[in-house]
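Below is one structure; the comments refer to it alone.
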Amino acid sequence: MSETELSFAIPTCEERGSIDRTIEKHTRLSIVVPAYNEASMLSQNVELIEKVVSVITDSYEIVIAEDGCSDETATMVANMCNNCSKVVHVHSDHRLGKGLALKRALKASTGQSLVFMDADLATSLDHLHDVVKLLENGYDVAIGSRHIKGSYVRRPLSRAIASRIYNFLVKFLFWDNVSDHQCGFKGFNDQTLKSVIDEVTEDGFLFDTELIVRMKNKGLRIIEIPVKWAEPKDRIPKFNLLADGIKMGIELIKLRFKLWAQGNQKST
Ligand SMILES: Nc1nc2c(ncn2[C@@H]2O[C@H](COP(=O)(O)OP(=O)(O)O)[C@@H](O)[C@H]2O)c(=O)[nH]1
Ligand SMILES: [Mg+2]
Numbered sequence: 001m002s003e004t005e006l007s008f009a010i011p012t013c014e015e016r017g018s019i020d021r022t023i024e025k026h027t028r029l030s031i032v033v034p035a036y037n038e039a040s041m042l043s044q045n046v047e048l049i050e051k052v053v054s055v056i057t058d059s060y061e062i063v064i065a066e067d068g069c070s071d072e073t074a075t076m077v078a079n080m081c082n083n084c085s086k087v088v089h090v091h092s093d094h095r096l097g098k099g100l101a102l103k104r105a106l107k108a109s110t111g112q113s114l115v116f117m118d119a120d121l122a123t124s125l126d127h128l129h130d131v132v133k134l135l136e137n138g139y140d141v142a143i144g145s146r147h148i149k150g151s152y153v154r155r156p157l158s159r160a161i162a163s164r165i166y167n168f169l170v171k172f173l174f175w176d177n178v179s180d181h182q183c184g185f186k187g188f189n190d191q192t193l194k195s196v197i198d199e200v201t202e203d204g205f206l207f208d209t210e211l212i213v214r215m216k217n218k219g220l221r222i223i224e225i226p227v228k229w230a231e232p233k234d235r236i237p238k239f240n241l242l243a244d245g246i247k248m249g250i251e252l253i254k255l256r257f258k259l260w261a262q263g264n265q266k267s268t
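My numbering puts the first residue of the sequence shown at 1, with every later residue one more than the last.
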């Protein structure tokens with residue numbers, strides 16, 4: 001596995017040689033899954049998560065952030081909770097947006113290491129073990145990346161271009177060297193995450209970016225790992241490169257001004 005180390009003081013895993021994949025079986029792990037109208041795949045994907053997580057540790061919870069769903073997701077999650085004490089339901093009657101839903105669920109999580117992932121499992125669960133191990137080794141954040149060497153991505157060209165443009169804009173506006181802000185697969189050390197998360201006010205797609213920028217500005221230890229990523233074909237949202245691209249750009253510029261106004265400048 002190759003990784004991109006974002007703190008220059010620490011060698012990359014490539015430099016250190018192969019990583020030790022042994023994990024303390026008692027490490028407490030929280031998997032957080034945001035779910036909006038995911039009834040078609042949620043229960044089978046939670047089963048899959050459970051299979052993979054239970055090999056990594058004996059002590060885990062699967063926290064499902066569900067809000068404002070108009071399909072059967074809420075009932076499905078409630079049933080899962082009844083059948084399995086390791087499933088936790090963080091619910092709201094109103095749709096919160098992915099960012100706010102994640103924020104509430106991450107705050108409610110009790111693990112030492114917290115990993116969130118999209119409900120469709122677009123990012124392969126094969127990477128979970130490595131993310132947990134990196135957190136155990138002292139990283140504050142381990143980010144799945146679709147844009148570094150070693151990653152494998154299957155997605156429409158328009159989405160791939162949009163993602164590149166988004167991350168280029170982030171790099172330009174925030175002097176940031178994270179290659180992929182939006183991959184729905186990120187792991188955090190519980191304590192460091194909770195020291196920052198209340199500062200994050202973006203509710204929607206900018207949540208991950210604001211969180212990462214704030215963490216980077218605090219000098220936290222961030223690492224990226226290449227991931228295998230494939231979105232189920234029927235879920236790929238329509239993306240208008242021009243209209244949606246401009247909207248994204250404007251939102252990023254607003255975030256830049258917000259952080260400036262709060263004095264959250266680049267710290268390195
Ligand atoms: N709880 C919650 N989850 C959401 C909301 N919007 C999106 N999600 C979840 O966030 C994840 C990513 O959503 P998706 O539509 O695949 O976004 P994309 O892949 O970033 O375009 C999925 O697990 C969704 O179910 C929301 O308003 N509330
Ligand atoms: Mg998706």
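All residues carry an ideal CB built from backbone N, CA and C; glycine is no exception.
Does any residue of chain C have a CB that is nearer than 9 Å to the CB of residue i?
i      : result
Leu255 : Judged by its chain identifiers, the structure shown contains no chain C, having just a single protein chain.
Which residues mark the beginning and the end of the alpha helix (DSSP H) in which residue i is found?
i      : result
Met248 : Leu241 to Ala261
Ile197 : Element bounds for Ile197: n/a, residue is neither H nor E.
Leu277 : With the chain covering only 1 through 268, there is no way to say anything about residue 277.
Arg146 : Careful: Arg146 lies outside any alpha helix (DSSP H) and carries neither H nor E.
Leu134 : Leu128 to Glu136
Just checking residue i against ligand 2 - is the residue's beta carbon closer than 8 Å to any of the ligand's heavy atoms?
i      : result
Arg154 : no
Arg235 : yes
Asp281 : With the chain represented from 1 up to 268, any question about residue 281 goes unanswered, as that position is not in the structure.
Gly184 : yes
Ala35  : no
Could you tell me which residues DSSP puts in a beta bridge with residue i?
i      : result
Thr209 : Answer is none; Thr209 lacks a bridge partner.
Met117 : Phe185
Ile222 : Val141
Glu123 : Looking at the sequence provided, one finds Thr at residue 123 rather than Glu. Paired residues: Trp229.
Val153 : Trp229
Whose CA, out of the options, lies closest to the CA of residue i?
i      : options                           : result
Asn177 : Lys228, Pro34 and Glu224          : Glu224
Ala101 : Asn45, Val32 and Thr123           : Val32
Val77  : Ser40, His181, Ile64 and Leu125   : Ile64
Thr27  : Gly111, Lys254, Ile197 and Leu121 : Gly111
Met215 : Ile161, Met41 and Val141          : Val141
Asn45  : Ser109, Asp58 and Met117          : Met117
Phe185 : Lys194, Gln191 and Asp208         : Asp208
Ser158 : Asn240, Asp126, Leu255 and Ser40  : Asn240
Pro232 : Ile143, Arg154 and Val55          : Arg154
Arg221 : Tyr139, Glu210, Glu202 and Val90  : Tyr139
Leu206 : Leu259, Lys25 and Thr123          : Leu259
His89  : Ser70, Glu66 and Lys98            : Glu66
Glu251 : Asn217, Asp234, Lys238 and Glu202 : Glu202
Ser59  : Glu199, Tyr36, Asp93 and Ser109   : Ser109
Tyr292 : Asp71, Asp234 and Ile197          : Outside the displayed range of the chain (1 to 268) lies residue 292, so it cannot be described from this structure.
For residue i, is the beta carbon positioned less than 8 Å from some heavy atom of ligand 1?
i      : result
Glu66  : yes
Gly111 : no
Phe205 : yes
Leu125 : no
Lys98  : yes
Ala74  : no
Glu231 : yes
What are the boundary residues of the beta strand (DSSP E) that residue i is part of?
i     : result
Val32 : Leu29 to Ala35
Contiguous alpha helix (DSSP H) assignments of at least 4 residues, all confined to the region 49–94:
Taking only runs of at least 4 residues, the alpha helix (DSSP H) segments lying wholly in the region 49–94 are 73–83.
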